[in-house]
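One point on numbering: in our numbering, the residue at position 36 of the sequence shown is 43, and numbering is uninterrupted.
Heads up, the beta-carbon is just placed ideally off N, CA and C, and yes, glycines get one too.
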Amino acid sequence: YLLAALFGSLTFVDDTNGDVLVNYPKSDPHHLVIDIVRLAFAMAIIATIALVMFPARRAMRFLPLGTGDARGLLHVLRDVVTRSEGPISRDTGYFYHISVTAAILGGVLGLALTLKNIEVVFGLLGSISAPMLMLIWPCLLYLKVAPGTLFTPKKLLAVCGALLGLSFIIACETGVILHVAKPGISS
């Protein structure tokens with residue numbers, strides 16, 4: 008991926024698209040190497056679907072139900088609405104496995120068919136995940152494990168760091184959305 012991006016941006020400099028392979032000509036007998044690179048990208052994506060689906064299915068299962076003693080979203084909603092307690096069944100079979108996989112792949116296919124350029128997806132995901140990984144999660148973890156009240160200087164600094172990360176997310180998402188809505192604006 009790095010080599011394709013590097014040589015694509017070196018080849019086209021200022022005219023480089025978000026998807027570097029779009030810059031190269033369509034299928035042509037004289038450009039066999041480009042077709043091989045396109046095929047390699049397709050094979051890499053197909054081969055990694057199973058690696059991506061396993062944690063996605065697992066997250067979609069444990070987010071609503073929770074893990075072990077941790078209560079999930081469905082527990083909280085059920086307790087608020089019905090005021091009942093107790094375990095929610097975690098028994099999931101092939102139907103759950105296949106339906107969640109089909110829902111995820113259907114959503115991804117819908118995005119792929121509606122978006123003209125993958126740079127929108129990368130921009131939206133990157134502007135959310137980078138501040139989360141660099142600022143918000145470490146600050147929240149510190150707040151969770153550090154002893155003392157919230158009003159200690161170090162915990163207040165962690166709260167400020169998390170708020171800074173949240174402001175980065177809002178600013179970056181706004182920039183990506185404006186860039187998509189009005190392509191002439193530089194973000």
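- In the displayed model, PHE48 falls within a helix according to three-state DSSP.
- Between the alpha carbons of LEU157 and THR55 lies a distance of about 42 Å.
- Pairing VAL107 with MET67 gives a Cβ-Cβ distance under 7 Å.
- In this chain, ILE143 is not harboured by any alpha helix (DSSP H), its DSSP state being neither H nor E.
- Annotated three-state conformation of THR159 is coil, per DSSP.
- LEU140 and SER16 have their C-alpha atoms some 27 Å from each other.
- When rounded, the separation of the alpha-carbon atoms in ASN24 and LEU112 is 25 Å.
- Relative to the Cα of GLY182, the nearest Cα in the group TYR31, GLU126 and VAL20 belongs to GLU126.
- Distances from the CA of GLY100 to each of ASN124, ARG64, CYS179 and LEU46 were compared; the closest alpha carbon is that of ARG64.
- The C-alpha of VAL20 is placed about 20 Å away from the C-alpha of ARG45.
- The three-state secondary structure of ILE184, taken from DSSP, is helix.
- At a Cβ-Cβ threshold of 7 Å, PRO138 and ILE176 count as neighbours.
- Apart from sequence neighbours up to five positions away, the residues of its chain that approach GLY130 with a beta-carbon distance below 6 Å are VAL183, ordered along the chain.
- Counting along the chain, ILE105 sits inside the alpha helix (DSSP H) bounded by residues 101–121.
- In the structure shown, TYR31 falls within a coil segment according to DSSP collapsed to helix, strand and coil.
- Distances from the CA of HIS186 to each of VAL29, ALA49 and VAL128 were compared; the closest alpha carbon is that of VAL128.
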